[in-house]
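End of the sequence shown sits at 527 in our numbering; the numbers just go up one at a time, nothing left out. Using N, Cα and C, we set each Cβ at its ideal position, and we do this for glycine too. Please read the structure below before turning to the comments.
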Amino acid sequence: MNGERIIVVGAGVGGLATALDLVARGFRVTLLERAATPGGKMREVSIGNAAIDAGPTVFTMRWVFDALFDHLGTSLEAQLNLQPVEILARHAWSESERLDLFSDLGRTAAAIGDFAGASEARNFLHFSRHARDVYRTLEQTFICAPRPGPLDLVRAGGLSGLADLWRIKPFNRLWQTLGGYFRDPRLQQLFGRYATYCGSSPFVAPATLMLVAHVEQEGVWLVRGGMHRLVQVMTQLAEAHGVDIHFQAEVDDISVSHGRVDGVTTANGERYAADAVVLNADPAALAAGYFGEAVQRAVRPTPRALRSLSAVTWNLLAETRGFALQRHNVFFSADYVDEFDTILRRRRLPAAPTVYVCAQDRDAAMNPSQRGLERLLCLVNAPPDGDIRTFGADEVAACEAAAFTLLERCGLDVARSPEASRITTPTDFEGLFPGTGGALYGQASHGWRASFSRPGSRSRVPGLYLAGGSGHPGPGVPMAAMSGRLAAAAVVEDLLASSRRSRLGPLALTPARPPISRPRIHPERK
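So this is what it looks like as structure tokens:
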């Protein structure tokens, strides 16, 4: 066991991944979480006896967790019950316009051919090859690497890497690139929606975000027990490996001595000394002073105009009729341009929103006669202004009426009731994640430079590290876990270097920066 004391602040996916990596390397780790339960943005709400996912709902890039769990001497299969899905998502524009995307590329191409014609099916296959190239170019050089700059990507790949980088069109906008592939505006809208996965507008997001299409084609899984089950398992593993976890322990001060972090103090006055602190929170909270003046300048503040999207969500326990829901469903607005203009320029809730519906009781084993009341998460995008104004009841009600009217127009009737509904607005998200205005993904990915301006693992204050989906490599469940592993690697590297400089003798450490890369996937994991 190493003598260094590591404090991890925040038990979201990023913080839990950091704690697991560090404790596996022999460090003493204390994890402090302000809420009563783990999860952070991967939260759940209760309606009666039903627990409903209220945060991320899509599980992809499982190899990230395969590698993490392997490092702990276990496996993902041993800890979680995962089921691969055949239908990635069901999409609708009206009662007669519906399109499914499948895990099988050929089935998707055939479905697009039936929906929009043979030429669009061929265009989709060309698009998919481009999305694959984008992902393969960026996986090791960007996603799995400490925060690189543009020149670092070129250096990492050499001349061949420069050619690959140029081929993926990093300076183009997503909407512009999609228009070069698809003539049908509905397909442009469908694949443009991938920008919202990182809280961005498809009209100004970079074309590299098409990599999300390839990520989903590599596999989407359902987690038995809900997505929150993942953080429950990670918490149990952390406790089993010796992480000292404290819930309802809100850190309100990170202290600095002799130019580096030396500990934290909780809201109730409890002091924890530390050789390093990893903060699993939105860096905006750090810059806003929520963790004290000593570390307020550890990151650059995120201007309000650069924040990612927020949301209005409805968690429901309701009976549905009509439209045959899958686990993941998207109902598109008629005017995508106006929707994003309303949100990002006029800073209002959209009058005609696109609606995402996660039907959490739908899976391949479900018999329609067994449905009854279903657990639903319905979501529309919203401006991240929860810190400067309250989203009033009338405005939210108008947005709700528009959202559920769209569902009805597409053939879905949701018999909802106030007592079985939980609404969360950007104001509520600001309360859950202070300093963000309700932005759920950190800084928006608008323009090609945005991905390089997210904070990396190391802050400006020595000894203070950052983890979570608001930093590098970006938002999403696997990306947050990757950020946690990168933060752990940075902690180990810096402590090892410090030990060598101080001539105190070698530390019993594993190699400072083992490659964080995709493990070999067993056939049954595909």
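Residue from Leu487, Arg348, Ala239, Tyr291 with nearest C-alpha to Phe434: Tyr291
Start-end ranges of the beta strand (DSSP E) lying completely within the region 360-405, minimum 3 residues: Segments of the beta strand (DSSP E) lying fully in the region 360-405: 375-383.
How about Met228 and Met43: do their beta carbons lie closer than 8 Å? Yes, the pair counts as a contact, with Cβ atoms nearer than the cut-off.
Opening and closing residue of the alpha helix (DSSP H) in which Pro85 lies: Segment 83-85 is the beta strand (DSSP E) holding Pro85; no alpha helix (DSSP H) there.
Going by other Cβ atoms of all chains shown within 10 Å of its Cβ, with 16 needed for buried, is Val65 buried or exposed? buried
Would you list, in sequence order, the uninterrupted alpha helix (DSSP H) runs of no fewer than 4 residues that lie entirely inside the region 181-208? 186-193
Beta-carbon proximity check, Gly41 vs Gly74, cutoff 8 Å: no
What separation, rounded to the nearest whole angstrom, lies between the Cα atoms of Leu83 and Asp67? So the alpha carbons of these two residues sit roughly 12 Å apart.
Buried or exposed: Ile389, going by 16 or more other Cβ atoms within 10 Å of its Cβ? exposed
Closest residue to Leu70 among Val205, Met235, Leu380 (Cα-Cα distance): The residue you asked about is not Leu; residue 70 is Phe in the sequence shown. Per the Cα distances, Met235.
What residues match up with Phe60 in a beta bridge as DSSP calls it? Bridge partners of Phe60 according to DSSP: Trp222.
Roughly how many angstroms lie between the CA atoms of Arg423 and Val493, to the nearest whole one? Spanning the two alpha carbons is a distance of roughly 42 Å.
At which residues does the alpha helix (DSSP H) containing Ser1 begin and terminate? What is shown of the chain runs 2 to 527, which leaves residue 1 out entirely.
Can you give the Cα-Cα distance for Cys359 and Thr437, rounded to whole angstroms? Going by the C-alpha atoms only, they are around 25 Å apart.
Beta carbon of Leu238 nearer than 8 Å to that of Ser334: no
My understanding is that Val14 touches Val262, with C-beta atoms under 8 Å, so please give their C-beta distance in whole angstroms. No, Val14 and Val262 are not in contact; Cβ-Cβ is about 23 Å, not under 8 Å.
Cβ contact check for the region 203-222 and the region 175-188: 3 or more pairs under 8 Å: Yes, they touch.
Measuring only the C-alpha atoms, how far is Pro516 from His215? Because Pro516 sits at a pLDDT of 45, beneath the cut-off of 50, its placement in the model cannot be relied upon, and the following sentence gives the value as read from the coordinates. Rounded to whole angstroms, Pro516 to His215 spans 23 Å at the Cα level.
Does the region 238-257 touch the region 46-63, meaning 3 or more C-beta pairs lie closer than 8 Å? no
Reduced DSSP secondary structure (H/G/I, E/B, other) of Tyr337: helix
Please classify Val338 as buried or exposed, where buried requires at least 16 neighbouring CB atoms within 10 angstroms. It counts as exposed.
Cβ distance (whole Å) where Phe392 is taken to contact Pro427 below 8 Å: Indeed, because the Cβ distance is near 6 Å, the residues count as touching under 8 Å.
Rounded separation between Leu467 and Thr142 - CA only: 20 Å
With Arg301 and Ala51 assumed to form a contact (beta carbons below 8 Å), what rounded beta-carbon distance in angstroms separates them? Actually they do not touch by this definition, with Cβ atoms about 42 Å apart.
Would Ala277 pass as a contact of Gly464 if the rule is Cβ separation under 8 Å? yes
For Ser97, three-class secondary structure by DSSP: coil
Can you find the residues in the same chain that come closer than 6 Å, C-beta to C-beta, to Leu191, ignoring five residues on each side of it along the sequence? His92
Leu160 to Leu139 span [Cα, whole Å]: Reliability fails at Leu160, whose pLDDT of 44 lies under 50, so the model's placement of it is uncertain and the value that follows must be treated cautiously. Rounded to whole angstroms, Leu160 to Leu139 spans 15 Å at the Cα level.
Quick check on Arg272: buried or exposed, where buried means 16 or more other Cβ atoms within 10 Å of its Cβ? It is exposed - the Cβ of Arg272 has fewer than 16 other Cβ atoms within 10 Å.
Taking the CB atoms as reference points, tell me whether Gly432 and Pro476 lie closer together than 8 Å. no
Threshold first: 3 residues or longer. Then list the beta strand (DSSP E) segments lying entirely within the region 456-491, N to C. 465-467
Can you tell me whether His447 sits near the ligand PLP, meaning its C-beta is under 7 Å from at least one heavy atom of the ligand? Of the ligands one can find in the structure shown there are none, so the ligand PLP has no counterpart to examine.
What did DSSP end up calling Thr428 once you bin it into helix, strand or coil? Note: Thr428 maps to helix in three-state DSSP.
In the DSSP assignment, the alpha helix (DSSP H) including Thr19 goes from what residue to what residue? Where Thr19 is concerned, the enclosing alpha helix (DSSP H) stretches over 14-25.
Suppose the cutoff is 7 Å on Cβ atoms and the five residues either side in sequence are ignored; what does the same chain contact list for Arg305 look like? Gly438
Less than 7 Å between C-beta atoms, sequence neighbours within five positions excluded: which residues of the same chain meet that for Ala282? Val10, Gly11, Gly469
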